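Okay, so the first sequence: first residue is 1 according to UniProt numbering, each after it adds one.
In this text, a Cβ means the ideal position worked out from N, Cα and C, and glycines have one as well.
All figures in this text were calculated on a predicted structure; none of them were measured in a lab.
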Amino acid sequence: MPTDAKPAIEAARRILAAVRAIPRGEVAGYGEVARRAGLPGRARMVARLLSHNEDPRLPWHRVLRSDGRIAFPEDSPGYIEQCARLRSEGVRVEGGRVRGKRAAATLDEQVWG
DNA sequence: CGCCTGACCACGT
DNA sequence: CACGTGGCCAGGC
């Protein structure tokens, strides 16, 4: 078997790499991460991966919805945690929304420079 | 194979 | 900016 992983596995690998590539203090949308991983239209796959992820080194908190909002309900522990982590990196969060960093998925490349 | 669910997205109002 | 609507994709049963 010539060292080739299953498509799904390879996709997951690339998505995680894209998430890890988000610089500290910066944020990105699920759809944006998917595109960056070469998987346009797979935003939900990114979300699914993060929801099952257990690697503490993965900067999952830098991934937001396309409108810059945190993807958890306001009262959930995930929301609290993400909010705290972002603020600790100097990211401004107001009303469950990140201000000033422009994480919208429609802004191709803008966040990634 | 159909049906339902989810850390989603784009678009119109 | 808030909401509702339809679309998309991967999994679980």
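Excluding five sequence neighbours on each side, which residues of the same chain lie with their C-beta closer than 7 Å to the C-beta of residue i?
i: residue 22; result: 28, 59 and 62
i: residue 19; result: 33, 58, 59, 60 and 63
Less than 7 Å between the C-beta atoms of residue i and residue j, yes or no?
i: residue 97; j: residue 68; result: yes
i: residue 15; j: residue 37; result: yes
What does the alpha-carbon distance come out to for the pair residue i and residue j?
i: residue 50; j: residue 94; result: 23 Å
i: residue 91; j: residue 79; result: 15 Å
i: residue 77; j: residue 7; result: 33 Å
i: residue 74; j: residue 40; result: 28 Å
i: residue 55; j: residue 100; result: 28 Å
i: residue 52; j: residue 17; result: 16 Å
i: residue 85; j: residue 35; result: 24 Å
i: residue 89; j: residue 83; result: 10 Å
Compare the Cα-Cα distances from residue i to each of the options and report the closest residue.
i: residue 48; options: 12, 7 and 90; result: 12
i: residue 66; options: 5, 31 and 17; result: 31
i: residue 71; options: 35, 5, 46 and 17; result: 46
Ordered along the chain, which non-local residues of its own chain (more than five positions away) have a Cβ less than 6 Å from that of residue i?
i: residue 9; result: none
What residues in its chain sit with their C-beta under 8 Å from that of residue i, if we drop five residues either side in the sequence?
i: residue 81; result: 61
i: residue 5; result: 13
Exercise for the section: Spell out a yes or no on whether the segment 17-29 and the segment 54-62 are touching, meaning 3 or more CB-CB pairs, one atom from each, closer than 8 Å. Expected result: yes
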